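Down below is the structure, laid out as structure tokens.
Chains as they are written, first to last, in the working numbering: chain A, 3 to 315; chain B, 3 to 315; chain C, 3 to 315; chain D, 3 to 315; chain E, 3 to 315; chain F, 3 to 315.
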């Protein structure tokens, strides 16, 4: 298979052309590819301020800004790996369960070809059906979750499939290796006193004030030690970042991560066995002139660069 | 029962105080009331650009602008009728069917006391569960629908309960007197060639170009003749208005009604047996600095004034 | 005195340079000038949504768009009259009475040189102190008011000097010839049933529905007949326009004038003895990406063109 | 060749998938196609407020709203004609002349296959290089221009290739049949007294006040009579519409066309020999939450429907 | 008295219902309550960019996001203290002195029942009339002021009651214990060289560069030592935060506090005798899609949690 | 020459008056002045998202917020130096080379009088023609560039004069002392692997991660050692700041400088021989309610203060 090549932004201006993720070609077939970016334009499992269904398009548009070579890793992504924009998964805004099944099917198909996925949500609920697909091919995975909320509720408004429950569902279904789960950046008010209890008991939950006190270098070292050689999934809820960095999300929480700290976490995956990732909860209608979509596009670039440098090493 | 009184905007500035519809008192009990405004903050049955769940709050805020007396009808609404802000219906953003049941229950309770309702959506799907409640007390009702779309599809993405289907569902359930349905302002592109067929066969469908050609006076005269003495429900989808007047909606369609034309339709209800109404599909995230919420608040005032003047006559 | 010349937009792009009204030179001295544009950046007499204090700057910025020659009147404004940007009147956001005095003083000084004024508000309260100055030089004047509200209240929150009272105050002070006042476009809900009574008794109040019914040509003919040869002041509250045309104002009212209708009124002043004018209640923070400031700039151009063509005839 | 089919919005929600014009497939090869939509993301020939380079993407995104069947013409576009999204022309934001050459080359290639074009600008300057290509295949064409400005200046800031000059350049190059040019909606202030002279002498220039006075039905009848059987190009500058309908443009002018009037003009092309069209000067950064891109998408649908119904007849 | 309970956001979605502060019940009577949140929708004492009059409503709306339990203090606020939304104080936008009197009266009434207050401004001027009420019940209080400006001017535009003077007025009136005043985060350009002199002489003024150099832990320790056992009032001007965190304010100043640093200060009040607090100068019209209102809501939660944990200890 | 005095914001409110930089008088003649602020409203050399042509006006408007005295340097700028708003340079949006020539001519004229310049861009391309003028009077200068991009490309889309090439052009022309160039804050993805090579070979390029690791104090000390007694030019691309601090720019890059860090760099120029400066790439259409223009205005104040304190010492 030929190496897919992005549009060259030094020839075609970045505001031109049909928008795909990072100007990679649109290839709706994962055979022969190493990594695909997949849009999941679905936010019906969000319980409050919606809009994340519009994120894949907004991020595609602004990801044209991103260029091709990562200066710290010194890697040109599309040369190190075969990477493409897979397009969007089918969804029904009216039916969570059916959409989750469609998500699982599509991601299973992709992973069945040995291709890895970077999902662009959508709300955080989508991580559960993605993990169903990932675990089918990789077994129970380690998870690093950047987030202000643990998303380990049992139910919300009586529903089991929401953006507050994905890691509880994945846990119950045995998709996760609970010894190797790190939740980074947890903070903010709680519905009930015991909201964090389950996470504390089952996972390595790192509240944001711990990061403020210890510094990110130490925390990343802990993360790398915890994950070790396990296949690992990175789930980045954009509300893990501080609202100053990522205002465009349904439930921002003050006192969060800077973009630099989020980059440190992602760059900490060099050498780890990353098998999948997602960036979720970007909500263009909640945003300030799309700055959060721009930030998300650059974090997706950081993630893609890890896949590339890990392959290149 | 004492006559509920709104906050006096000549004493308390309009930007102050907890926001209720038109500054009427919040009374979550319909007994003794003539008309209540009810928020239905639900948009999960919208299939494209969401946000109408935020409309009741946005409209409450901007409805403070509205004053108390209607100069054309020469009626002070809260003196002619006992009217209040009932609050919002319970909803689950994850469950359309359950939410529709909650809507029906709450509206049944209200109508069971002889109180009439002005619903503030929410997406257009909510009209179906409201009509279930209205028809229970008033029998099959005449309907005047201001809209760019007929909303008489059978299903969308395989779902029967969506904002594209309320009048089909209501029709099937016998909640509507099909001989007395007028759809005003229909226009815009169609998914399939036969999209309008059902409406044309069953209802008096007035496409927008007919209104442009004949003028609104004639059309309103037709409407009054068609409805006659029947109990009638007015459903105003804000996308019936032209995008210049109401940009803040999920699916605006060019070539639509001016606010003046919408006012003409509403004022045409004087003397008719209006038993309920709604204003739906206002979407604050799609709006331009809340102008559509302001317009909607004033249309709600026009509707409330009709209830008042009809009672006062 | 040399004829002041605006910046030539065919030489210096319209987005460049320090922004003055229509790129006319800034001349803070009215001697020898025919007409000046004067900013009145004051909105403390607005009782609800403020922001009009920012209008003079926003309108200056966008008035660069306006060019120099009026094609219908066939007049190049700055050649027909000596016109300039006078700058802004001194104001204190904390003190209405004192600011009104400063306004009167500054406008008296300008009119004392035989120069006429186009004021750019600011809230509508400023028309009262301007009329104090205008009447001093021209005697009680005829007034044409384009507005959705009559602004003839006696007081608001116990205050006599507010944007709801200027024409009452001016009337009491004998600044207006009550037989020659026309209020155009009046509409919208009322605080109390008698809000319009005073206007109806004293003035020619033309409610908006009358304009919708009769058409603007007839109404303008009425206006010209009423004003005759009297010195006349034109006060244009931007909320006289429909919210679709002018969303950026504190209290928009649906069912209003189109920009074309407003232009018809202004062009109807050709041959009348126009001695002063204002455009008020543009509120940039309430606006949608400054479109109302753009509209206001073009209406100011229409007004300036009337001064020019009347002089040129 | 197989009939290209758009994404079915009743299967894939309209906010999902990579955005192409009206969800038609992206086919960068005109062979076998009847009509293509072509993006021209270029605004360097705009002299004031830029941003139109972002319009093709914004319009692609919002054109997902548009459905497939036109109810008035009763035609399903993609069944009547083979139509696709061709993608964007190559541009250099730094070089007007070179970009114009690229535009001409690309449009020549398309028309060389007998395929017609609907260009999505971009500023109005692009019409000149498009007409170079169109005239090569069709000879000098009739032109209907919907616009507030004539765009027949000779130069701007000393440059001959700008958005104020395309029809002058096309005229000089003999690309236009001057007897069959109609300019509709012209209005607004002029740089110099003679700005309209050239247009009046050479073309049928219909100022906006004439349309207000005579009504659009008469004007469209004139247009059809003037064009007759000639091959005709439709150039729709979005600022021909009133700012209430299309605020998102660099130089809006009050007193303009309603969307309904623009639709009347476009629908007036049924039976005419339409060989090309464009919609230009949509500027997302000047817009109010993308409403102008939505309006433009629907006008593009109207234009595409004319191609379809003309073929289908 | 029964313990007031907020709406349960796990039953009623957070976007639903009439908006009160943190969904606490609206109780306009302080008897039996420990703490009330009080809106003060007044910004006439702001001298530049206004809009803070709209903050109580915007913050009420977005405070629905906040949940009930504080994870660091491990306290459920509404169980530890009886807390409610008191509603808004009466104001007149036209009269600063009279409004200040109304504020003092209302806050005196509240404090007379032993209830403490968290005021939601409004501009910073309101702190003076609040302190008049607080000092009446608690004697001269210690003050911690988070702010970029000292607000200790003597007058502005000749007026003594403005948002630049509250602490000077309070000082003169003996409402403050000057030995126990700490001003945190002071920075930005000065009108005149001596602007800071008064503060430096009378208070412990901590400029922002000192915080950058020493770190917040040390500064908070200083603060706790300074305040000791005195009754203390916390006044948080949102412009104490960096513009990246709180863009929505009239006069943002670069180089300011992060939200995390503000949280550190607030959490430093555990064990202190907090008798009142305010959050002021949030200006929705100056904001970027309401992010500053969201931040303010979460800071109000932090303050309420201090009242709760101090009571609970 | 009399000392030019700014408008006193304690007399004339900051939202009033014709907007000039920091309310300094508009003096289009540099004779006798020490420093002028010069607008360069030009963005045609920007290759992606434009809008910087609107920055001089937006920054003028918001710079009214800035006061006159710098508390850290303890200097009142307009008393220490004669400083004014020079107005804008002539530009043609259609012609980069010609505009660059105009820029050079105008800046030469200014520097020929011994006056120094603070340019307000405009895109970064303008630094090259400014350096042509500066170097003519001061010889090859040292340069400190705060930026996320090195802007040392050789060409873009085949053009040599773009915002990606100014320092390459200046270098080739011998305008810069290459031993004394420091680039601060470089980061972000690269078009090609060697994008940074040239900078690394020729300049002291300090990538952002180095600043994160070493701290700004050390880096500023390096800078001062490198520059020494050389005449130095400061070029501040606003995208050197983190997107949280400066979202309003064409190509924001995550992980950047805080405003505090940018202030540290600028304050590090005390005692250095600063001969010119610019702030570029602020793009109001990309901004979030003008916060970046506010930030830029305050950074311009910091720069002006350095000129003042250096003169005053």
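Each residue gets a CB set at the ideal place from its N, CA and C atoms; glycine is no exception.
Note that the structure is a prediction, hence the values are computed from the model and not measured.
Determine the contact status of residue i and residue j, defining contact as a CB-CB distance below 8 angstroms.
{"i": "residue 125 of chain E", "j": "residue 291 of chain F", "result": "no"}
{"i": "residue 311 of chain C", "j": "residue 253 of chain C", "result": "no"}
{"i": "residue 184 of chain B", "j": "residue 257 of chain B", "result": "no"}
{"i": "residue 159 of chain B", "j": "residue 96 of chain A", "result": "yes"}
{"i": "residue 134 of chain E", "j": "residue 93 of chain E", "result": "no"}
{"i": "residue 188 of chain B", "j": "residue 208 of chain B", "result": "yes"}
Look up residue i in the DSSP assignment and give the residues it is bridged to.
{"i": "residue 18 of chain B", "result": "None, per the DSSP bridge assignment."}
{"i": "residue 133 of chain D", "result": "Note: residue 133 of chain D sits in no beta bridge, so no partner."}
{"i": "residue 235 of chain D", "result": "D:145, D:278"}
{"i": "residue 56 of chain F", "result": "Bridge partners of residue 56 of chain F: none, in fact."}
{"i": "residue 158 of chain A", "result": "A:161"}
{"i": "residue 1 of chain A", "result": "The requested residue 1 of chain A does not occur in the structure, where chain A is confined to residues 3 to 315."}
{"i": "residue 71 of chain A", "result": "A:78, F:192"}
{"i": "residue 28 of chain C", "result": "C:87"}
Does DSSP put residue i in a helix, a strand or coil?
{"i": "residue 39 of chain D", "result": "strand"}
{"i": "residue 209 of chain F", "result": "strand"}
{"i": "residue 151 of chain E", "result": "coil"}
{"i": "residue 77 of chain C", "result": "strand"}
{"i": "residue 228 of chain C", "result": "helix"}
Counting along the chain, where does the beta strand (DSSP E) carrying residue i start and finish?
{"i": "residue 241 of chain B", "result": "Premise fails: residue 241 of chain B is in no beta strand (DSSP E) and is neither H nor E."}
{"i": "residue 186 of chain C", "result": "178 to 188"}
{"i": "residue 12 of chain F", "result": "That residue, residue 12 of chain F, is in no beta strand (DSSP E); it is neither H nor E in DSSP."}
{"i": "residue 86 of chain E", "result": "85 to 90"}
Following the continuous alpha helix (DSSP H) through residue i, name the residue where it begins and the one where it ends.
{"i": "residue 298 of chain D", "result": "293 to 314"}
{"i": "residue 193 of chain C", "result": "That residue, residue 193 of chain C, is in no alpha helix (DSSP H); it is neither H nor E in DSSP."}
{"i": "residue 99 of chain C", "result": "98 to 114"}
Residues in the segment 7 to 33 of chain D having any Cβ partner in chain A nearer than 7 angstroms | 14, 15, 17, 18, 19, 20, 21, 22, 28
Got a sec: which bits of the segment 83 to 94 of chain F sit with their beta carbon under 9 angstroms from any beta carbon on chain C, in order along the chain?
-> 87, 89, 90, 91, 92, 93, 94
Determine which residues of the segment 270 to 295 of chain E have a Cβ less than 8 angstroms from any Cβ of chain F, and write them out in chain order.
-> 288, 289, 290, 291
Residues in the segment 38 to 66 of chain D having any Cβ partner in chain A nearer than 8 angstroms = 41, 43, 55, 56, 58, 59, 62, 63
What are the residues of the segment 152 to 175 of chain A that lie near chain B, defined by any Cβ-Cβ distance shorter than 9 angstroms?
-> 158, 159, 160, 161, 163, 164
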